[in-house]
């Protein structure tokens, strides 16, 4: 994830996971809070695939989520495999807008829309254009 740039930042990435017992709640399905934790991993994976993760560590940037809206469609049960798809859908001067989709057995089971931004090492908000200027060129 860290050094190998494999795709454009504006193309979706996918990463596979499985629900383990510590991911579940009293209803014996994946806990709502766990979705958010897995989304963090999906975004880290996405930044790594796009070559951005190296810049984040090198420059001590802080990627920050400002807003998340998630819709839970159906539960993911014990030991089920699922795929988390992460994509940048848009950006404006300040925010990156992303969509993250949980897919289980070919069906969308949860969909989240979020906006996030980057802070520099001093905690100052960075513009989207500034972040994009650091993206490595892909073939």
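Residue numbers (the working numbering): 64 to 202.
Think of the CB as a built atom: it goes at the ideal place given N, C-alpha and C, for glycine as much as any other residue.
Because the structure is a prediction, the values reported are computed rather than measured.
Determine the extent of the alpha helix (DSSP H) in which residue 135 is found, giving its start and end residues. Within the chain shown, numbered from 1, the residue matching residue 135 stands at position 72. Taken as a continuous stretch (DSSP letters only), residue 135 belongs to no alpha helix (DSSP H), being part of the beta strand (DSSP E) at 125-135.
Measuring straight from C-alpha to C-alpha, what distance separates residue 74 and residue 123? Against the chain shown, residue 74 aligns to sequence position 11. Against the chain shown, residue 123 aligns to sequence position 60. Spanning the two alpha carbons is a distance of roughly 25 Å.
Under DSSP, the alpha helix (DSSP H) around residue 102 begins and ends at which residues? Looking up residue 102 in the chain shown gives position 39. Unbroken alpha helix (DSSP H) run through residue 102: 95-112.
Residue of 164, 194, 147, 101 minimising C-alpha distance to residue 154: Within the chain shown, numbered from 1, the residue matching residue 154 stands at position 91. Minimum Cα distance to residue 154 is reached at 194.
Any idea what DSSP makes of residue 118, helix, strand or coil? Here residue 118 corresponds to residue number 55 of the chain shown, with the count starting at 1. Note: residue 118 maps to helix in three-state DSSP.
Distance between beta carbons of residue 159 and residue 180, contact taken as under 8 Å: Reading the chain shown from its first residue, position 117 is the one you call residue 180. Reading the chain shown from its first residue, position 96 is the one you call residue 159. Going by Cβ atoms, the distance from residue 180 to residue 159 rounds to 7 Å, so yes, they are a contact pair.
Output the boundary residues of the alpha helix (DSSP H) element that contains residue 177. Counting from one through the chain shown, the residue named residue 177 turns up at place 114. That residue, residue 177, is in no alpha helix (DSSP H); its beta strand (DSSP E) goes 170-182.
Under a Cβ-count criterion, where at least 16 other Cβ atoms within 10 Å of its own Cβ denotes burial, should residue 139 be classed as buried or exposed? Position 76 of the chain shown, counting from 1, holds the residue named residue 139. That one is buried.
If we ignore side chains and look at the alpha-carbon of each, how far apart do residue 95 and residue 172 end up? Taking the first residue of the chain shown as position 1, residue 95 is located at position 32. Taking the first residue of the chain shown as position 1, residue 172 is located at position 109. For residue 95 and residue 172, the distance between alpha carbons rounds to 12 Å.
Looking only at C-alpha atoms, which of 200, 188, 199, 118 sits nearest to residue 128? By 1-based counting over the chain shown, the position of residue 128 is 65. Of 200, 188, 199, 118, the residue nearest in Cα terms is 188.
If you follow the beta strand (DSSP E) that residue 151 is in, where does it begin and where does it stop? Numbered from its first residue, the chain shown carries residue 151 at position 88. Counting along the chain, the beta strand (DSSP E) containing residue 151 begins and ends at 144-154.
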